[in-house]
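There are 2 protein chains.
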Amino acid sequence: MQLRIPGPTPLPDAVREALGRQMINHRGPEFAELIARVTRRLKPFFQTTNDLLLLTASGTGALEAAVVNTLSPGDRVLSVSIGVFGDRFAEIARVYGAEVVSTDVEPGRAADPAEVARLLESSGPFKAVLVTHNETSTGVTNDLAAIAEVVHRTDALLLVDAISSVGSIEFKTDEWGCDVVLTGSQKGWMVPPGLAMAVVGPRAWEAHKTARMPRFYWDFAKHRSYLERGQTPATPAVSILFALDVALDLLEREGMENIFARHRRCAERVRQGVKRLGLELFADEAHASSTVTAVKVPSDVDASRLLKLLREDGVVLAGGQGAQSGRIFRVGHLGWIDDADVDEILAALSRALPLARRMPARG
Amino acid sequence: MQLRIPGPTPLPDAVREALGRQMINHRGPEFAELIARVTRRLKPFFQTTNDLLLLTASGTGALEAAVVNTLSPGDRVLSVSIGVFGDRFAEIARVYGAEVVSTDVEPGRAADPAEVARLLESSGPFKAVLVTHNETSTGVTNDLAAIAEVVHRTDALLLVDAISSVGSIEFKTDEWGCDVVLTGSQKGWMVPPGLAMAVVGPRAWEAHKTARMPRFYWDFAKHRSYLERGQTPATPAVSILFALDVALDLLEREGMENIFARHRRCAERVRQGVKRLGLELFADEAHASSTVTAVKVPSDVDASRLLKLLREDGVVLAGGQGAQSGRIFRVGHLGWIDDADVDEILAALSRALPLARRMPARG
Chain D
43 MQLRIPGPTP LPDAVREALG RQMINHRGPE FAELIARVTR RLKPFFQTTN
93 DLLLLTASGT GALEAAVVNT LSPGDRVLSV SIGVFGDRFA EIARVYGAEV
143 VSTDVEPGRA ADPAEVARLL ESSGPFKAVL VTHNETSTGV TNDLAAIAEV
193 VHRTDALLLV DAISSVGSIE FKTDEWGCDV VLTGSQKGWM VPPGLAMAVV
243 GPRAWEAHKT ARMPRFYWDF AKHRSYLERG QTPATPAVSI LFALDVALDL
293 LEREGMENIF ARHRRCAERV RQGVKRLGLE LFADEAHASS TVTAVKVPSD
343 VDASRLLKLL REDGVVLAGG QGAQSGRIFR VGHLGWIDDA DVDEILAALS
393 RALPLARRMP ARG
Chain H
43 MQLRIPGPTP LPDAVREALG RQMINHRGPE FAELIARVTR RLKPFFQTTN
93 DLLLLTASGT GALEAAVVNT LSPGDRVLSV SIGVFGDRFA EIARVYGAEV
143 VSTDVEPGRA ADPAEVARLL ESSGPFKAVL VTHNETSTGV TNDLAAIAEV
193 VHRTDALLLV DAISSVGSIE FKTDEWGCDV VLTGSQKGWM VPPGLAMAVV
243 GPRAWEAHKT ARMPRFYWDF AKHRSYLERG QTPATPAVSI LFALDVALDL
293 LEREGMENIF ARHRRCAERV RQGVKRLGLE LFADEAHASS TVTAVKVPSD
343 VDASRLLKLL REDGVVLAGG QGAQSGRIFR VGHLGWIDDA DVDEILAALS
393 RALPLARRMP ARG
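Protein chains in written order, with our numbering: chain D, 43 to 405; chain H, 43 to 405.
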């Protein structure tokens, strides 16, 4: 079975074994060593020396945590959204009482740093800018370095959804000055969903002191204080931590540069392959993602029939979300994947496509 | 190793195997069947026909969910707290802007339904009453039937933390008229932490319509609407669901009545055993919990040394929390446990106790 959605991603055998480990006391010495070790080993993938906190939640929970830990109701926020997940980040801020200004980007395109700069000037000042590094719903990677550069011309905090990028695509938290960076365990980390990570920098901690959105479960300060004792405020997803510890062995053995290169190579192979099948890419190729590729569904093909045929052939891909539902399908190529997997996906696609075409109307 | 803290609890082999299953698409047909099956099979343990929602979070997240889905800032709430977890429930309501009135109960005692009735009359009206069914920090089970009876003389919602009770101790959601009931996967369910359950009744849904506390990740309505399609709003803790599905096989095979009887029997065996060792129970025996027993640490015994000696002897117990830190230790006897396990715990205690006693002062 080729599970090729943009997360959950397939689990290597060693990770599956680790998941089955017997429980331990989450307030005991073994857990304290585990969380310290995992936290320390994750940081290089974020290229950061900031605090790294583990939340028992989906990635969406981490987005909510970033908002409520740094903002107050009434704060003005710029949302650099280029798709469903960017919209979600903005909606969370709105629900908690922020006043959100959104960029307007055509689906499949990246955000234009010059347009972000223009909005920062014309509609600011903003307390924070919300940016999606890699938009999972369209398969687009934003030029975060350039966006960060224009954001830092102002005092705004930079809160980054890196859920489907960090660990698979190079991410420079400290160099880019990202104040909060978020991801989830079920992406490039090759472990099941259930654990989210939040990297919190000094300016975010400063904002936390005066931020008045209500928070309890998501409170970063509580997490940091418990982490100092090798614990979490509430009972953590222990088995996902076991798995992550082992997945980090695999990731470290391969090496960051090799991981990034493999993702770029697999993504390119997917793009070339679908084009050879006569399909059209949804995303602007200049900003095409290394972790997920969105492909336009031809007008004579039924998207759900195509996905069903593929599934019956052992390849699970994702459909479109929101406005793109039925109009695109998406190939997740992050985590445990290599060229041979890509070739299997493409072969299955070549078999399914003709069968998914609608019969031409008679007469 | 005997892991005997009040959660995480030990995992049976079949559960550990299920945890290691390969990932599936959380938006696909296999997952839809899984979540429908698990949800349906959990309801009998809550004795309910209400909606049952699965949240990817610790139990504390479920407490927060209950509050923000039913209440508005400024709402008056009665907290029937008898320990650390009751205080936590109240604190969450306070953080989100509720005006909280708290009962004052001596640690180790259950709440007095007559006192709850008095407060409801003298300090009401209240929008909701927060009750802990089983207080994990003191090993006390409240008489929820009696408390529910007095609460229902008013219009207040009844929100119940059943985290360390339901599944192990009889719980009658519908008969007692509990509007929201919460628990976590790492308790009597014999699976790892990471999944919380919320049972939501018609009056809670009614309250949800007008409740104005901000919510996104915890939104019950979003969870219900996704559940109708066999999904969750954000990526769920899939591996914990695999485990829970298998744990439910074990629980159903044993049968609810037998499970409850086994918990009562093991708890009684623990209590008799520690008393035979000359130790004193912390909780009022009339309300002693069937899932966790708190034991007073004798004045000549160092609590952390005792726990360390036990750990080195293969038995992991929990210390006291908050004001009881160093003054009590706690034995978790919920989930996968039987008489022989209790005997091993007691034998280890009998070995460790003399070694943990402080030397008498010289001269």
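No residue lacks a Cβ here, since even glycine has one placed at the ideal position from N, Cα and C.
- Within the segment 272–283 of chain D, the residues whose Cβ lies closer than 9 Å to some Cβ of chain H are 274, 275, 276, 277, 278, 279, 280, 281, 282, listed in chain order.
- When Cβ-Cβ separations below 8 Å define contact, residue 239(D) makes no contact with chain H.
- For residue 226(D), the enclosing beta strand (DSSP E) stretches over residues 222–226.
- With 16 or more other CB atoms across the displayed protein chains lying within 10 angstroms of its CB, residue 92(D) is buried.
- With respect to residue 178(H), residue 123(H) sits apart: the two C-beta atoms are not nearer than 8 Å.
- Residue 339(H) carries a coil assignment under DSSP once its states are collapsed to helix, strand and coil.
- Of 58(D), 95(D), 81(D), the smallest CA-CA separation from residue 247(D) is found for 95(D).
- Chain-order list of chain H residues neighbouring residue 45(D): 64, 65, 66, 67, by C-beta distance under 8 Å.
- With 16 or more other Cβ atoms from the protein chains shown falling within 10 Å of its own Cβ, residue 106(D) counts as buried.
- For the set 245(D), 389(D), 317(D), 382(D), the Cα lying nearest the Cα of residue 351(D) is the one of 389(D).
- Three or more Cβ pairs closer than 8 Å define a contact, and the segment 198–215 of chain D falls short of that threshold against the segment 147–154 of chain D.
- Scanning 207(H), 338(H), 387(H), 50(H) for the CA closest to the CA of residue 322(H) turns up 338(H).
- Neighbourhood of residue 53(H) in chain D, by CB distance below 7 Å: 64, 65, in chain order.
- Scanning its chain for C-beta atoms nearer than 6 Å, with the 5 sequence neighbours on each side dropped, one finds around residue 83(D) the residues 290, in chain order.
- Residue 103(D) places its beta carbon 8 Å or farther from that of residue 282(H).
- Beta-bridge analysis with DSSP links residue 176(D) to 183(D).
- Nearest neighbour of residue 286(H) by Cα position, chosen from 307(H), 259(H), 230(H), 165(H), turns out to be 230(H).
- Contact between the segment 261–271 of chain H and the segment 303–318 of chain H is absent: fewer than three C-beta pairs spanning the two stretches fall below 8 Å.
- A residue is called buried once 16 or more other Cβ atoms fall within 10 Å of its Cβ, and residue 117(H) is buried on that count.
- Taking 8 Å as the cut-off between beta carbons, the residues of the segment 356–385 of chain H near chain D are 358, 360, 361, in sequence order.
- The beta carbon of residue 99(H) falls within 8 Å of a beta carbon belonging to chain D, placing the residue at that interface.
- Residue 44(H) carries a strand assignment under DSSP once its states are collapsed to helix, strand and coil.
- Nearest Cα to residue 210(D) within the set 192(D), 307(D), 193(D): 307(D).
- Under the DSSP definition of a beta bridge, residue 97(H) partners with 238(H).
- By the neighbour-count definition (other C-beta atoms within 10 Å, threshold 16), residue 346(H) is an exposed residue.
- With a threshold of 8 Å between beta carbons, residue 49(D) makes contact with chain H.
- The beta carbon of residue 70(H) sits closer than 8 Å to some beta carbon of chain D.
- Non-local beta-carbon contacts of residue 187(H) in its own chain, meaning distances under 6 Å to residues more than five positions away in sequence, involve 218 in chain order.
- The beta-carbon of residue 61(H) is placed less than 8 Å from the nearest beta-carbon of chain D.
- In this structure, the CA atom of residue 53(D) is about 48 Å from the CA atom of residue 143(H).
- By DSSP's assignment, residue 399(D) forms a beta bridge with 343(D).
- Residue 99(D) sits away from residue 101(H), with the two beta carbons spaced by 8 Å or more.
- By the 16-neighbour rule on beta-carbons within 10 angstroms, residue 255(H) is buried.
- In the three-state scheme derived from DSSP, where H, G and I count as helix and E and B as strand, residue 209(H) is classed as coil.
- Residue pairing from DSSP leaves residue 262(H) without any beta-bridge partner.
- Residue 203(H) carries a strand assignment under DSSP once its states are collapsed to helix, strand and coil.
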